[in-house]
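Just below is one structure, and these are the notes that go with it.
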Amino acid sequence: MSTAESAASLSSIKTDAKALLTFKNLIQKDPNGVLSGWNLKTNPCTWYGITCTHGRVTGLDITGSNDLSETISLDPLYSLNMLSVLKLSFNSFAINSTSLIQLPYSLTQLDLSFGNLTGPIPENFLSKCPNLVVVNLSYNNLTGSIPENFMQSTDKLQSLDLSSNNLTGSIFGLKIEYCKSLLILDISGNHLSDSIPISLSNCTSLKSLNLANNLISGGIPKNFGQLNKLQTLDLSHNQITGWIPSELGNLCGSLLELKLSFNNITGSIPSGFSSCTLLQLVDISNNNMTGEVPESVFRNLGSLEELRLGNNAISMKFPSSISSCKKLRIVDFSSNKIYGSIPRDLCPGAASLEELRMPDNLIAGEIPAELSKCSQLKTIDFSLNYLNGSIPDELGELENLEQLIAWFNGLEGKIPPKLGQCKNLKDLILNNNHLSGEIPIELFNCSNLEWISLTSNELTGEIPREFGLLTRLAVLQLGNNRFTGEIPSELANCNSLVWLDLNSNKLTGEIPPRLGRQQGAKSLFGILSGNTLVFVRNVGNSCKGVGGLLEFSGIRSERLSQVPTLRSCDFTRLYSGPVLSLFTKYQTLEYLDLSYNQLRGKIPDEFGDMVALQVLELSHNQLSGEIPSTLGQLKNLGVFDASHNRLQGQIPDSFSNLSFLVQIDLSYNELTGQIPSRGQLSTLPATQYENNPGLCGVPLPECKSGNSQSSSSPSDDVSRGGQRRSVASWANNIVMGVLISV
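What follows is the structure, encoded as structure tokens:
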């Protein structure tokens, strides 16, 4: 290098240093001293985050220095006329988008993602930096619309990511002409609207196109069939209508992932997809798809790993050709009109299968024992179908099984003891079948169980004391069976238990006081993580118990009213108020239903220690003694029903403190004295206190002077009939709320 060249280079690096120090001075908060080494005593090429080539600054990368923050401008970097790479992502810089047009002409890579870039996108941003190859402005606060001419001069641009901002307006008019180099376009997670621009079909080198999570409407352009290098197409979570164009079959030579879920797409899956032998993921769930899927489609998809068709109206026989998909991990046919039986050759054909989700369909016949040959299975969900026969013993050979869900079917026989070999089992949800016999002791080898629902079967015997071994158990529903004997006190050892329903059995003896001393376990990530739950509350007397908790993943909510067994119940789904429990803090009982049994003795004083309790249902038993005053400590209590017992004494004055109480039923007991006038009690319907001859005070007739005992007359009962009918609407506001997603 000549003396003149050396002098010029030295002058240029000094200019670079000056520009960088000007930029540094804008950053007022650097608590960890990340940029403390930026000073004139050292060569800028040795500074943190700086890359040099031939003695000039070509790269500035201070990604992930989260403690750096301040309102800054990119203007000082304009004089870095050799700068090629600028990466400032994962910082707390507040940057106005107008400074984007002051970036150096030489820039090829720009990453400002996960920051605080605000304002509209300058129309001439890309034209001012025509050498840009990669632009990532995702996870910021860009606003306004994408300018029509924004992508008109993008000859060299290969990747553009504007995802997860607040961009609005129409994208239909975008002029996308010179985009032959564009490989990746991601504008997902905004509020963009109108139809997909047809000009996108000019970008024939595209490998990934992501327009998901916007407000895009209209149809899928037929011209997309020209994008014959496309590997990923994601249009999910929009308002797209119309059919899937058959022209998309032209992409079969390259397409790996097709995501069209949560739109309004109609019609059927084109038969041309049978040529898409490279497809790994198909997600067309939550649309209005109809018709059949040709068997040939599945027969040729040897690379398919995920098939999600849930929540459509697809009517077809269960496709046996799925067994040809050797790499298939996830099958989700939830909420369709799929009929026939589960093919016995499904396994081990689809030997990689991990999830088989088919709730809310028309599947009949037996559960094939051959499912045990799919040794990777973690989830089996056959809820709301027409299955019969017994649960195969062979399912106990599935060492990885975590969820066995088959509620509302016609299953019969005993619960297989071999399920005790499924050491990873978390959810066993088999309510509303015809299962009989006793709960097998072997089941308690499954120490990871979190949810057991066996409600509405024909189970007999005593409730095993071994339930106390299940320290992760959060939900236990055994109601409406034929269990006998006493409630095992060992249930208090279930440190995570939130929901206990033993209603409508033949249980005897006293309520174990230890239940009130259950020690809530603390769970960092919570119990039942990933489950979708709905609480169905019974109203009236057509069904016993307060209601039930259902696993509702992948099932349309309107199906509740169509289930024959549920139709016989007068029920209400609660959709107001906060969720019942996020299961993320201390687990302690929130729901306890022991109604419709033959329990005797007193209500334990210890129940006053169940600080999280929201529902306490003890009706239709033989309980006696006084109502414990300690129940007044249950600040979250919303429902208390102790009707149809033999309770005596007065209603504790401490009940005046129960500000969340929306339903109390103490009718048909032997209570005496005046109803506490403070708090909620006097505002509730009189029917909730009827047939207690010695009870008086609002809402019952006033207490007679010198005599606290008073009874209601027949005419009073008639006048309060309307109040009885209105109690359901009161209960709909209960704090325990209803649709729970955890």
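According to our numbering, the residues represented by the sequence shown are 16 to 757, in order.
In this text, a Cβ means the ideal position worked out from N, Cα and C, and glycines have one as well.
No experiment lies behind these values; they were computed from the predicted model shown.
Item to complete: Find the nearest neighbour of Asn520 within the set Cys144, Leu266, Lys143 and Leu614, judged by alpha-carbon distance.
Response: Leu614
Fill in: Same chain only: Cβ atoms within 7 Å of Ser726, ignoring 5 sequence neighbours per side
In this prediction, Ser726 scores a pLDDT of 37, lower than 50, which makes its location untrustworthy; the coordinate-derived value is nonetheless stated afterwards. Once the five neighbours on either side are set aside, the close Cβ partners of Ser726 are Pro708.
Practice prompt. Using three-state DSSP, classify Arg344 as helix, strand or coil.
Written response: DSSP places Arg344 in coil when its eight states are reduced to three.
Fill in: Burial state of Lys650 (16 or more Cβ within 10 Å)
exposed
Worksheet item: If you draw a straight line from the C-alpha of Ile337 to the C-alpha of Ser121, how long is it?
Response: 52 Å
Item to complete: Along the beta strand (DSSP E) that carries Phe313, what are the first and last residues, could you check?
Response: Where Phe313 is concerned, there is no enclosing beta strand (DSSP E), although the alpha helix (DSSP H) around it starts and stops at Glu310 to Arg314.
Discussion item. Helix, strand or coil for Leu248? Go by DSSP, reduced to three states.
Written reply: strand
Item to complete: Could you spell out where the beta strand (DSSP E) holding Pro135 opens and where it closes?
Response: Asn131 to Pro135
Fill in: Inter-residue Cα distance where the pair is Leu434 and Phe397
17 Å
Worksheet item: Under the rule that 16 or more other beta-carbon atoms within 10 Å means buried, what is His69, buried or exposed?
Response: exposed
Discussion item. With H, G and I counted as helix, E and B as strand and the rest as coil, what does DSSP make of Arg661?
Written reply: strand
Practice prompt. Can you check the stretch 665–726 for any alpha helix (DSSP H) of at least 4 residues that lies completely inside it and give the ranges in chain order?
Written response: none
Worksheet item: Should Thr219 be labelled buried (16 or more other beta-carbon atoms within 10 Å of its own) or exposed?
Response: That one is exposed.
Worksheet item: Taking Cβ positions, are Thr61 and Gly74 nearer each other than 7 Å?
Response: no
Worksheet item: Going along the chain, which unbroken runs of the alpha helix (DSSP H) with 4 or more residues stay wholly within the stretch 124–194?
Response: 140–143
Worksheet item: When burial is assigned at 16 or more other CB atoms within 10 Å of the CB, is Arg661 buried or exposed?
Response: exposed
Item to complete: For Asp76, collect the residues of the same chain with a Cβ closer than 6 Å to its Cβ; drop the 5 residues on either side in sequence, then sort them by chain order.
Response: Cβ-Cβ distances below 6 Å link Asp76 to Gly64 and Lys102 in the same chain, with the five nearest sequence neighbours on each side left out; the list follows chain order.
Item to complete: Might you give, ordered along the chain, the residues of its own chain that have their beta carbon closer than 7 Å to the beta carbon of Arg529, omitting 5 neighbours on each side?
Response: Ser504 and Ala507
Practice prompt. Can you check DSSP and say which residues form a bridge with Glu641?
Written response: Gln663
Worksheet item: Where does Leu761 fall in DSSP's three states?
Response: This structure cannot speak to residue 761, because the chain is shown only from 16 to 757.
Practice prompt. Closer than 6 Å by C-beta to Val312: which residues in its own chain qualify, once you throw out the five before and the five after it? Chain order, please.
Written response: Phe288 and Ser289
Fill in: Any non-hydrogen atom of the ligand MG closer than 6 Å to Arg487 Cβ
Ligands in the displayed structure: none, and consequently the ligand MG is not present.
Discussion item. Which of the three DSSP states is assigned to Phe288 in this structure?
Written reply: Helix, per DSSP.
Discussion item. Ignoring anything shorter than 3 residues, give me the beta strand (DSSP E) runs that lie fully in the stretch 399–476, in order along the chain.
Written reply: 401–404, 418–420, 425–428, 442–444, 449–452 and 466–468
Discussion item. So, with DSSP's three-state summary, where would you put Leu50?
Written reply: If DSSP states are grouped into helix, strand and coil, Leu50 belongs with coil.
Discussion item. Can you look up Thr219 in the DSSP assignment and give me helix, strand or coil?
Written reply: Three-state DSSP puts Thr219 in coil, outside helix and strand.
Worksheet item: Beta-carbon separation of Ile7 and Asn351 under 7 Å?
Response: Given a span of 16 to 757 for the chain in the structure shown, any question on residue 7 remains unanswerable.
Worksheet item: Residue range of the alpha helix (DSSP H) that Gly364 falls in?
Response: Leu361 to Gly364
Practice prompt. Can you tell me which of Lys441, Tyr606 and Gln665 puts its alpha carbon nearest to the alpha carbon of Pro691?
Written response: Here the closest residue by C-alpha is Gln665.
Worksheet item: Mind checking Glu759: buried by the 16 CB within 10 Å criterion, or exposed?
Response: Since the displayed the chain opens at 16 and closes at 757, residue 759 lies outside it and no answer follows.
Practice prompt. Indicate the three-state DSSP secondary structure (helix, strand or coil) for Asn265 in the structure shown.
Written response: helix
Worksheet item: DSSP state of Asn238, grouped into three classes?
Response: Of the three classes helix, strand and coil, the one that applies to Asn238 here is helix, per DSSP.
Practice prompt. Give the DSSP-derived three-state secondary structure of Arg13 in the structure shown.
Written response: Since the first residue shown for the chain is 16 and the last is 757, residue 13 is missing from the structure and cannot be characterised.
Item to complete: Would you decide whether Ala32 is buried or exposed? Buried here means 16 or more other CB atoms lie within 10 Å of its CB.
Response: buried
Item to complete: Look up Lys393 in the DSSP assignment and say whether it is helix, strand or coil.
Response: coil
Worksheet entry | Anticipated Cβ contact below 8 Å, Lys393 with Glu417, distance rounded | 5 Å
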